[in-house]
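In terms of our numbering, the sequence shown opens at residue -4 and continues consecutively. Every residue, glycine too, gets a C-beta built ideally from N, C-alpha and C. Since we're looking at a predicted model, the values are computed, not measured. Presented below is the structure to which this report refers.
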Amino acid sequence: MSDESAPAPFEVKRWQTYVPCLHYNWQPNKPFVVTAVVGARAEVWDPTGGQRMGGHRWVALRNLHATNKTGQGKERRTGWYLHCEPPADPVRQELCGSCFTWKDREQFGVLAHGFGHSTCVPCKAEIEKRYGR
Ligand SMILES: [Zn+2]
-4 MSDESAPAPF EVKRWQTYVP CLHYNWQPNK PFVVTAVVGA RAEVWDPTGG QRMGGHRWVA
56 LRNLHATNKT GQGKERRTGW YLHCEPPADP VRQELCGSCF TWKDREQFGV LAHGFGHSTC
116 VPCKAEIEKR YGR
């Protein structure tokens, strides 16, 4: 990442995951994973973004933040903030499609084919508790 001259408070990187700064039940903004960074935009993948395998879309880097707090310590009301750094080893690690955290493959209760469709052990337990299965 050497072609960007503008100073950035933090770096948006491929395979980082982000969650919305504000959580509303009705809010359509779901977590996503960054699949590419091109210029001032990031291509992101949202497993619930339409189509069967989720959808890709572009978001401006200025909407991605290191934390959900502003420089003044106020809660951010727009955009997304960093949830999980890229995996140290994308081959050995897998993305949980529920909590959007990269974890070692051994930590998954369901390992599905296809990116972001696996479920880690804590999320699986949570889902089973909630839906009684
Ligand atoms: Zn999980």
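Whole angstroms are fine: how far does the CA of Y13 sit from the CA of H78? As a first step, residue 78 is located in the sequence shown; it is residue number 83 there, counting from the start. As a first step, residue 13 is located in the sequence shown; it is residue number 18 there, counting from the start. Distance between the alpha carbons of H78 and Y13 is about 5 Å.
Here's the rule: buried if 16 or more other CB atoms are within 10 angstroms of the residue's CB, otherwise exposed. What is K8? Mapped onto the sequence shown, residue 8 falls at position 13. Exposed, because fewer than 16 other Cβ atoms sit within 10 Å of the Cβ of K8.
Is the Cβ-Cβ distance between L90 and G111 less than 8 Å? Counting from 1 along the sequence shown, the entry for residue 90 is found at position 95. Counting from 1 along the sequence shown, the entry for residue 111 is found at position 116. A Cβ-Cβ contact shorter than 8 Å links L90 with G111.
Taking DSSP's pairing of strands, which residues face W10 in a bridge? Counted from its first residue, the sequence shown places residue 10 at position 15. Paired residue(s): none; W10 is not in a bridge.
Buried or exposed, going by whether 16 or more other CB atoms sit within 10 Å of the CB of P85? Locating residue 85 in the sequence shown gives position 90, where the first residue counts as 1. Under this definition P85 is an exposed residue.
When the Cα atoms are used, what is the spatial distance from C94 to E123? Translated into the one-based positions of the sequence shown, residue 94 becomes position 99. Translated into the one-based positions of the sequence shown, residue 123 becomes position 128. Those two C-alpha atoms are separated by around 15 Å.
Shorter than 7 Å, the distance from the beta carbon of T12 to the closest heavy atom of ligand 1, or not? Start at 1 with the first residue of the sequence shown, and residue 12 comes out as number 17. Because no heavy atom of ligand 1 lies under 7 Å away, the Cβ of T12 does not count as near it: no.
Excluding the 5 residues preceding and the 5 following M(-4) in the sequence, name in chain order all residues of the same chain whose CB lies nearer than 6 Å to its CB. Position 1 of the sequence shown, counted from the start, is the residue given in the question as residue -4. Here the model assigns M(-4) a pLDDT of 48, short of 50, so the residue's position is not dependable and the matter cannot be decided.
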